[in-house]
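**Student:**
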Amino acid sequence: MIDGLAPGSFAAFLVTSAVIELTPGPNMAWLAIVAAGEGRRPGYAAVAGVALGLGIVGIAAALGLATMVAASPLAYQALRWGGVLYLLWLAWDGWRDAGDGIAHLPDRAPLGRYFRRGLITNLLNPKAAVFYIAVLPGFADPAGVVLVETLTLSMAYVAVATAIHAAIVTAAGLARRVLDDPARSRMVRRALSLTLAGIALWFAWSSAVPAT
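Residue numbers for the sequence shown follow the working numbering, beginning at 3 and rising by one.
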């Protein structure tokens, strides 16, 4: 047993988390833009911000705060549209910066900027809260200590997500070596920015609460 969780259930949760994180989404597209355009160090800083955001939402869910947000249409919609607009802004920022080609002196990049963006993106993502509320409890044992189990599963999810995000940044950072040509770099970054904008619109549609 792992903190009251059956090993089989815990393993199934890890697999589920990996599948969810491997599905193309806002974090994947944006992290690829950062790593391909600015380098791996800014990308890893963004990953750290994403991880902190997911961790905060997970703790909030364990304490019941996320349930309150999900139950409040106004709070949910405020987070939802805040997240959509922020993703669209990131897409525009990536498109605009693509005109500069590959950034110079990546070691001097403002890492705090990328950390904050990763953090804000996930704090404004109500679907993360919904995952913790709707999916995660199904893997917990009601007979155990629910708070401990929920926190354990939440941190496991953050660990899986962080590993996948770091792998994306590493791969995109390696691809940066073939983007020394400004025209090619601009084309790739703008393609990724359009992808992120499309994901933002898909997010707006998929996160809508059906009228009752």
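Ideal Cβ placement from N, Cα and C applies to all residues, glycine included.
To which residues of the same chain is Ala48 closer than 7 angstroms at the C-beta, ignoring the five residues directly before and after it?
**Tutor:** Excluding residues within five positions, the ones whose Cβ falls inside 7 angstroms are Leu33, Val36, Tyr116, Phe117, Arg119 and Gly120.
**Student:** Over what stretch of residues does the alpha helix (DSSP H) that includes Phe117 continue unbroken?
**Tutor:** Unbroken alpha helix (DSSP H) run through Phe117: Leu113 to Leu125.
**Student:** For Arg98, count neighbouring C-beta atoms within 10 Å of its own C-beta (all shown protein chains included) and say buried if the count is 16 or more, exposed if not.
**Tutor:** Exposed.
**Student:** Ordered along the chain, which non-local residues of its own chain (more than five positions away) have a Cβ less than 8 angstroms from that of Ala13?
**Tutor:** Around Ala13: no qualifying Cβ.
**Student:** State the DSSP-derived secondary structure class of Ala142, mapped to helix, strand or coil.
**Tutor:** The answer is coil: DSSP assigns Ala142 none of H, G, I, E or B.
**Student:** CB-CB under 7 angstroms to Phe15, same chain, minus the five flanking residues each way: which ones, in chain order?
**Tutor:** Once the five neighbours on either side are set aside, the close Cβ partners of Phe15 are Phe141, Leu155 and Ala158.
**Student:** Under 8 angstroms by Cβ, that's how I've got Val52 and Thr123 pegged, so tell me the actual separation to the nearest angstrom.
**Tutor:** That belief holds up - the Cβ atoms of Val52 and Thr123 are roughly 7 angstroms apart, short of 8 angstroms.
**Student:** Ordered along the chain, which non-local residues of its own chain (more than five positions away) have a Cβ less than 7 angstroms from that of Ala64?
**Tutor:** Only Leu149, Thr152, Leu153 and Ser156 meet the Cβ criterion.
**Student:** Rounding to the nearest angstrom, what Cα-Cα distance links Ala80 and Leu125 in this structure?
**Tutor:** If I take the Cα positions, the gap works out to 12 angstroms.
**Student:** Determine whether the beta carbon atoms of Ala38 and Ala163 lie at a separation below 8 angstroms.
**Tutor:** The answer is no: Cβ separation not under 8 angstroms.
**Student:** What does the alpha-carbon distance come out to for the pair Lys129 and Ala206?
**Tutor:** Roughly 11 angstroms separates the two Cα atoms.
**Student:** Relative to the C-alpha of Thr197, which candidate in Asn29, Val137 and Leu56 has its C-alpha closest?
**Tutor:** Per the Cα distances, Asn29.
**Student:** Ile22 to Pro112, Cα distance in whole Å?
**Tutor:** Going from the Cα of Ile22 to the Cα of Pro112 covers about 30 angstroms.
**Student:** Can you tell me whether DSSP reads Gly27 as helix, strand or coil?
**Tutor:** Coil.
**Student:** Specify, as a first and last residue, the run of the alpha helix (DSSP H) that Leu155 falls within.
**Tutor:** Val148 to Ala177 is the extent of the alpha helix (DSSP H) around Leu155.
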